[in-house]
Every structure is written in structure tokens, then in C-alpha cells.
Amino acid sequence: MIRLLFASGTSACFEMENASPYYAPQSYAVYLDGKKQFDSKINVFSLFDLAPATCYRVTVKTDHGDETLAFETKAEAFAADVRQFGAVGDGVHDDTDAVQTALHFLPDYSRLVFPTGVYLCRPLALRSHITLELQEGAVLLGCPDRARYPILPGTVCDLNGGKDLITGAFEGIARPMYQSLIHAENCEDIVITGRGTVDGNAQNSDFWTEFRNFETARPRLMFFCRCKGVTVHGVTGKNSPSWNLHPFYSEDVSFYDMAVEAPKDSPNTDAIDPEGCDGVNIIGCRLSVGDDCIAIKSGKIELCRMEKSPAARHVIRNCLMAFGHGAVTLGSETASGVVDLTVNRCVFKATDRGLRIKTRRGRGKDCFISGILFENILMEQVITPVVINMWYNCCDPDRFSDYVKCRTPLPVDDRTPHLGTFVFRDLTCTGAHAAACYIDGLPEAPIDEVTFERVSISFAKDAKPFVPAMQNDAVPRLKMGLYFNNVRRVHVKDTCIRGAVGGAVIAENCEQVDTDGLREVE
15 MIRLLFASGT SACFEMENAS PYYAPQSYAV YLDGKKQFDS KINVFSLFDL APATCYRVTV
75 KTDHGDETLA FETKAEAFAA DVRQFGAVGD GVHDDTDAVQ TALHFLPDYS RLVFPTGVYL
135 CRPLALRSHI TLELQEGAVL LGCPDRARYP ILPGTVCDLN GGKDLITGAF EGIARPMYQS
195 LIHAENCEDI VITGRGTVDG NAQNSDFWTE FRNFETARPR LMFFCRCKGV TVHGVTGKNS
255 PSWNLHPFYS EDVSFYDMAV EAPKDSPNTD AIDPEGCDGV NIIGCRLSVG DDCIAIKSGK
315 IELCRMEKSP AARHVIRNCL MAFGHGAVTL GSETASGVVD LTVNRCVFKA TDRGLRIKTR
375 RGRGKDCFIS GILFENILME QVITPVVINM WYNCCDPDRF SDYVKCRTPL PVDDRTPHLG
435 TFVFRDLTCT GAHAAACYID GLPEAPIDEV TFERVSISFA KDAKPFVPAM QNDAVPRLKM
495 GLYFNNVRRV HVKDTCIRGA VGGAVIAENC EQVDTDGLRE VE
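This is the structure in C-alpha cells:
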């Protein structure tokens, strides 16, 4: 069955509904109004170069039959070529003024078109009810000169005695930051679509080489602050100075059938980091970066106290994630909490960890993470498929303090995080190294409940020892089974662990451990 995920004036995105992670069970051909467009083996596909306000019929043909779906593209007010406003597109001329003028000039519900070319730009400020179309061969290229990037303050003062307005943030705190290449603040109804590329050009700047020396936070590739109704579709994002796509305190944000790329050694180049957002869809994306592929966040405790904004109602589906630190990560900045996350039909390849939850004492009582479902996931050569770590020891000045690393129970107070329910169902993991899972809760605040159901995990024949979780006094592990510490209820159902050393399940300080249906194979 086909379903329409999204349609703009000139593009549309579709999803094949089946039980196969990322890849379709068999190849298929896509036809538009009876004319063949391409063959595909991927569950999500897109059509471009369509006409606005037009009815179409898309047909998918397989060896088992055909299926047709009617859809209609959106109406638009106007469309303009960015070159009409003076953009050159040669990769040398600074096209910022031309693009920014066009964005201000065009009426609502218009489309700004970038034809084939390289458009060198400084940071651009978007506005509501606008579509950017990057056609095939179009590259929006970031200026490599940091001195030409405006700086946004972390906060601006409310003159009427209210709360300060957060305008810039990075790694969970409000702080000054360089403006991002694509920046939107308090906007709604924004679409970025097409087969073009947004290239942050960080490899030709000092954003990667001098990142430890910056007082001002590096820019993102795209930053959406307090926005509503944002869709990024089809484009490729690459070489961001830091995080690539950063929706912040926003609602109804979707990323469809797009790619995000960065070298493996590029610092902090997370692909997609929704922070304090409500309603995020990440579907059909291909992510390969130098840090976490997806990191869901909700700020550190100081940001939460300024303005609490939980991460809620996120869906990640039919994505391919490779070579990141974590495929899907929660945290470590989760002081406002994370609830209602569903990840299904995804493929993780050669990431350090599959699911990675990282928190610690000090994130606060509002750091409540629960309602997390991972279902129908295929992992290949993932070092540790599942990690839930309440002892995370990075990115904070007190990370090596006794408060963070003390293994005896401490009083539960306003700084104590809480983890609720987690379900892992229909996971197939081959080529693991360190541990099948490593779940380590706090003694004073045990994790409520963890369920593994219909899970198969096997280890690489040439497995090497690795530290499964970033915590103080961590010990490298090799072929460790399912490890649970400080979890109230553990359920392991119809699960097979192959090649574990020291037992398929190791449970410490757990109130209830149910392993009915567990199979251990040497």
C-alpha cells in the first residue's frame, strides 16, 4: 500500500507500507500519470518538478501487481528565480543580498527557486509562508569566513518584567551563537524542498579545526527557533559547522526523504537534533555523520527552569543511519523530559550504539523519559545495540565530580532524573561487539520497566572490546549479554542471544526479572 506523506507545489513524498525496515521487500517501478519515472528498492520515494495545484496519479508496479494513488499538489501564489534578484550562482559571488531581498519581496505562499548553480551565501533569515526549491544541481554554499556571520545573543531582556526570550542555544543552554546558514525565528509554514544541496562548507573554515576555542557557539546548517509547520524534503545537507538540523522549541516539524552527510571525524555534526519540540517526523532519511545521527533533546536544567518544553510525539521511520556515535540518541540534554517516541522500520549500520539514552544526576526532576518504543529495527555491526546510561560523564564541568559518579544511593531531590518505560520489539542485531545491551540506572531512581520482545542479537566473530557507555570508571566489555542494573522490572520474551560470554542476561539490583522464552546460543 502507498500513502502520501507530503505534497508541496512542485514535489511529493510517498511511503510504501510494509513490514520491511527501510528497504522494500522487492524492487518496484514508479509511474506518474502512466509514464515511468524510475525503479526503486527503498520504502520512501519522491517526485519532483511537478506543477502546482495539479491532480496526478502515481502508480507503483511490482511483480505481484500494481497500485495507484491519486494526489494533488498545493496551490502557490507566485514563483521566482533567485537570479531575477541578482544572484549569480557561480560559487564566488556573494549572493546573500539577492536571496534575502527575494525572501522579503515575495508575497506569502510563494516559491523561491534555486536553479542549477552554486549560491555562496552568508546566513539567511527565512519568513513565514515561503517555499525554497533547490532544484537538481543547485547548491546553497555557506560562507567560510566566520567573521561574516552575525551573532545572536542567548537571550534578550523582557522590558515588561517577564521571562527573557531565548534566541540562541547550544548543547542545552541559552548562549550566544553564530547565526545559522538557514535560520527561521517565530515562523510558520516553511518548506525547503528539491534535489539540491545545502552545504555548510565547514571543511573550508575554522569551524571544525578550532571548535574547542570558540566562546560563541558554532552555527547550525539549519536552525528553526519557535517555528510551527516546517518541512524539509528531498535535499541533502552536508558539512555543517556543528549540528546539521536543529529545530528548537518548535511544533509540527518534518524531515522527509533527505540525506545528511559529514565526515566521520567532524566534531559535533549530529544530523537531526530536535530540542524541546512537539510533533517531529523523521521519515525516509539517510544519515551518516561524525556524531549522533538523531539526538532528541529538551535542554539542561537551567534552560528548563527558564522555559520548560518537553520533547513529545516524535516518529522516526524508514531511515538508514550509518557510522554515527549513536543511531537514535536521547540526551544528554533532557531536563524537560522526552515522552512518546516511536522508532520503527529503520536500519542502523556500523554506529557505536543503536538506541542511546544518556542522562545523569543533575538533569532535574522534570527529566522524565518514558513511552519509548523501538520496533522492527535491523542493526548491522553496531558495537552495543541498546544503551541506557544514567551516569553520562561528558559535556559538563562537574562530570567527574563525586555527585555524578557516586555509586551509592543519594537523596532524591530536584536534580534527580527519572526513566519510565522502554520497549524493544522485533529487533535483529548482527555483528555486535561490546554488549547486547547495557542498561545502567541510578540506585536512588531505578528505571521503571524495560521489555525485550522477539529480539535476536549475535556477536561478530572478530568482536573487539569497547566501553559500552560513557561513564566514569567505565570498563571495556566483550560479548557481554543483556546487562541490567537498577531496573525495577525487566521482561525478556522470545529473545535469542548468540555468542555471549558470561551469560545471556546479567541482572543486578533489579526487583523483577522475567526471562520466559529466552534462548542462549553459543
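Residue numbers for the sequence shown follow the working numbering, so the first one is 15 and each next one is one higher.
Glycine included, every Cβ here is placed at the ideal spot set by N, Cα and C.
Quick caveat: nothing in here was measured; it's all calculated off a predicted structure.
Rounded C-alpha distance that separates Ile-6 from Ile-397 | Nothing in the structure corresponds to residue 6, since the chain is present only between 15 and 536.
DSSP on Val-504, reduced to helix/strand/coil?
-> Sequence index remark: in the sequence shown, residue 504 carries index 490 (1-based). Val-504: strand per DSSP, three-state reduction.
Which of helix, strand or coil DSSP assigns to Phe-225 | As a working note, residue 225 is residue 211 in the sequence shown. Three-state DSSP puts Phe-225 in a helix.
Segment contact, 8 Å Cβ cut-off, at least three pairs: the stretch 276 to 288 with the stretch 313 to 321 = No, the stretch 276 to 288 is not in contact with the stretch 313 to 321.
Within the same chain, show all residues whose beta-carbon is closer than 7 Å to that of His-107, passing over the 5 residues directly before and after it, in chain order.
-> Here residue 107 refers to the residue found at position 93 when the sequence shown is read from its first residue. Cβ neighbours of His-107 beyond the five flanking positions: Leu-134.
Name the residue from Met-393, Asp-53 and Ala-448 whose alpha carbon lies nearest to the alpha carbon of Val-481.
-> Here residue 481 refers to the residue found at position 467 of the sequence shown. Looking at the Cα atoms, Ala-448 is the closest of the given residues.
Count the C-beta pairs between the stretch 67 to 80 and the stretch 99 to 114 that are closer than 8 Å, then say yes if the count reaches three, no if not.
-> The stretch 67 to 80 makes no contact with the stretch 99 to 114: fewer than 3 CB pairs, one atom from each, lie closer than 8 Å.
Helix, strand or coil at Phe-92 according to DSSP, with G and I counted as helix | Numbered from 1 along the sequence shown, position 78 holds the residue referred to as residue 92. Looking at Phe-92 - three-state DSSP - the assignment turns out to be coil, as it is neither helix nor strand.
List in chain order: all unbroken beta strand (DSSP E) runs of 3+ residues lying wholly within the stretch 213 to 288.
-> Every beta strand (DSSP E) of 3 residues or more that sits fully in the stretch 213 to 288 is shown, in chain order, as 236 to 239, 242 to 247, 250 to 252, 259 to 262, 265 to 270 and 273 to 275.
So Gln-526 is in the alpha helix (DSSP H); what residue range does that whole segment cover?
-> Counting from one through the sequence shown, the residue named residue 526 turns up at place 512. If you look at Gln-526, you'll find it isn't in any alpha helix (DSSP H); it sits in the beta strand (DSSP E) that goes 526 to 528.
Express the C-alpha separation of Phe-414 and Asn-486 in angstroms, rounding to a whole number.
-> Start at 1 with the first residue of the sequence shown, and residue 486 comes out as number 472. Start at 1 with the first residue of the sequence shown, and residue 414 comes out as number 400. When only Cα atoms are considered, Asn-486 and Phe-414 end up about 7 Å apart.
What are the boundary residues of the beta strand (DSSP E) that includes His-197?
-> Looking up residue 197 in the sequence shown gives position 183. For His-197, the enclosing beta strand (DSSP E) stretches over residues 196 to 199.
Ala-364 and Ala-336 look like a contact to me (Cβ under 8 Å); what is the Cβ gap, rounded to whole Å?
-> One-based indexing of the sequence shown puts residue 364 at position 350. One-based indexing of the sequence shown puts residue 336 at position 322. So it is a contact: roughly 6 Å between Cβ atoms.
Three-state secondary structure assigned by DSSP to Arg-300 | Counted from its first residue, the sequence shown places residue 300 at position 286. DSSP places Arg-300 in strand when its eight states are reduced to three.
Using three-state DSSP, classify Asp-440 as helix, strand or coil.
-> Residue 440 sits at position 426 when you count from the first residue of the sequence shown. The answer is strand: DSSP assigns Asp-440 an E or B state.
Entirely within the stretch 426 to 476 and at least 3 residues each: give me those beta strand (DSSP E) ranges in chain order.
-> The qualifying runs are 435 to 446, 449 to 454 and 461 to 473.
Go through its chain and collect everything with a Cβ distance to Asp-454's Cβ below 8 Å, but skip five positions before and after it.
-> Here residue 454 corresponds to residue number 440 of the sequence shown, with the count starting at 1. Excluding positions up to five away in sequence, the list reads Ile-402, Asn-403, Met-404, Trp-405, Ala-483, Gln-485, Tyr-497, Asn-499 and Asn-500.
In angstroms with no decimal places, state the Cα-to-Cα distance between Leu-301 and Ile-386.
-> As a working note, residue 301 is residue 287 in the sequence shown. As a working note, residue 386 is residue 372 in the sequence shown. If you take the alpha carbons of Leu-301 and Ile-386, they lie about 21 Å apart.
Per-residue burial, Cys-408 [other beta carbons within 10 Å of its own, 16 or more giving buried] = Counting from 1 along the sequence shown, the entry for residue 408 is found at position 394. Its Cβ having fewer than 16 others within 10 Å, Cys-408 is exposed.
Taking the CB atoms as reference points, tell me whether Thr-283 and Asp-266 lie closer together than 8 Å.
-> Translated into the one-based positions of the sequence shown, residue 283 becomes position 269. Translated into the one-based positions of the sequence shown, residue 266 becomes position 252. No, they are not a contact pair.
Would Gly-186 pass as a contact of Gly-313 if the rule is Cβ separation under 8 Å?
-> Within the sequence shown, residue 186 is the residue found at index 172, counting from 1. Within the sequence shown, residue 313 is the residue found at index 299, counting from 1. When the beta-carbon positions are compared, Gly-186 and Gly-313 come within less than 8 Å of each other.
Residue range of the alpha helix (DSSP H) that includes Thr-115 | Taking the sequence shown and counting its residues from 1, the one referred to as residue 115 is at position 101. Bounds of the alpha helix (DSSP H) holding Thr-115 are 110 to 119.
How should Leu-173 be labelled, buried or exposed, when 16 other C-beta atoms within 10 angstroms of its C-beta is the threshold for buried?
-> As a working note, residue 173 is residue 159 in the sequence shown. Around the Cβ of Leu-173, a 10 Å sphere holds fewer than 16 other Cβ atoms; the residue is exposed.
Minimum C-alpha distance to Ser-194 - residue among Asp-203, Thr-223 and Arg-232 | Your numbering for residue 194 matches position 180 in the sequence shown. Ranked by Cα distance from Ser-194, the options Asp-203, Thr-223 and Arg-232 are led by Arg-232.
Boundaries of the alpha helix (DSSP H) in which Glu-316 is found, first to last residue | For the purposes of this step, residue 316 is taken as residue 302 along the sequence shown, with counting starting at 1. In this chain, the alpha helix (DSSP H) harbouring Glu-316 covers 315 to 320.
Looking at the unbroken alpha helix (DSSP H) that takes in Val-418, where does it start and where does it end?
-> Position 404 of the sequence shown, counted from the first residue, corresponds to residue 418. Val-418: member of the alpha helix (DSSP H) spanning 416 to 419, first to last residue.
So, Ile-383 versus Phe-362, is the Cβ gap smaller than 8 Å?
-> Locating residue 383 in the sequence shown gives position 369, counting from the first residue. Locating residue 362 in the sequence shown gives position 348, counting from the first residue. Their beta carbons are not under 8 Å apart, which means Ile-383 does not touch Phe-362 by this criterion.
What are the boundary residues of the beta strand (DSSP E) that Arg-367 is part of?
-> Mapped onto the sequence shown, residue 367 falls at position 353. Run containing Arg-367: 367 to 372, per the beta strand (DSSP E) assignment.
Assign Ala-67 to one of three DSSP states: helix, strand, or coil.
-> Looking up residue 67 in the sequence shown gives position 53. The answer is coil: DSSP assigns Ala-67 none of H, G, I, E or B.
Locate the beta strand (DSSP E) running through Met-30, then write down its first and last residues.
-> Position 16 of the sequence shown, counting from 1, holds the residue named residue 30. Looking at the DSSP string, the run of the beta strand (DSSP E) that includes Met-30 is 26 to 30.
Inter-residue Cα distance where the pair is Gly-48 and Phe-62 | Residue mapping note: residue 48 aligns to position 34 of the sequence shown, counting from 1. Residue mapping note: residue 62 aligns to position 48 of the sequence shown, counting from 1. The alpha-carbon atoms of Gly-48 and Phe-62 are separated by roughly 16 Å.
Is Ala-326 buried or exposed, if buried means 16 or more other CB atoms sit within 10 Å of its CB?
-> Here residue 326 corresponds to residue number 312 of the sequence shown, with the count starting at 1. With 16 or more other Cβ atoms within 10 Å, it is buried.
Selection from Glu-347, Arg-17 and Pro-158 that minimises the alpha carbon distance to Trp-222 | The count along the sequence shown starts at 1 and reaches residue 222 at position 208. If you compare the alpha carbons of Glu-347, Arg-17 and Pro-158 with that of Trp-222, the shortest gap goes to Pro-158.
Val-249 versus Lys-478: straight-line alpha-carbon distance, rounded | As a first step, residue 249 is located in the sequence shown; it is residue number 235 there, counting from the start. As a first step, residue 478 is located in the sequence shown; it is residue number 464 there, counting from the start. The C-alpha of Lys-478 is placed about 37 Å away from the C-alpha of Val-249.
Would you identify the three-state DSSP class for Gln-51, choosing helix, strand or coil?
-> The residue given as residue 51 occupies position 37 in the sequence shown. Here Gln-51 carries a strand assignment [DSSP, helix/strand/coil].
With distances taken between CB atoms, is the gap from Ala-139 to Gln-114 smaller than 8 Å?
-> The residue you call residue 139 lines up with position 125 of the sequence shown. The residue you call residue 114 lines up with position 100 of the sequence shown. Yes, they are a contact pair.
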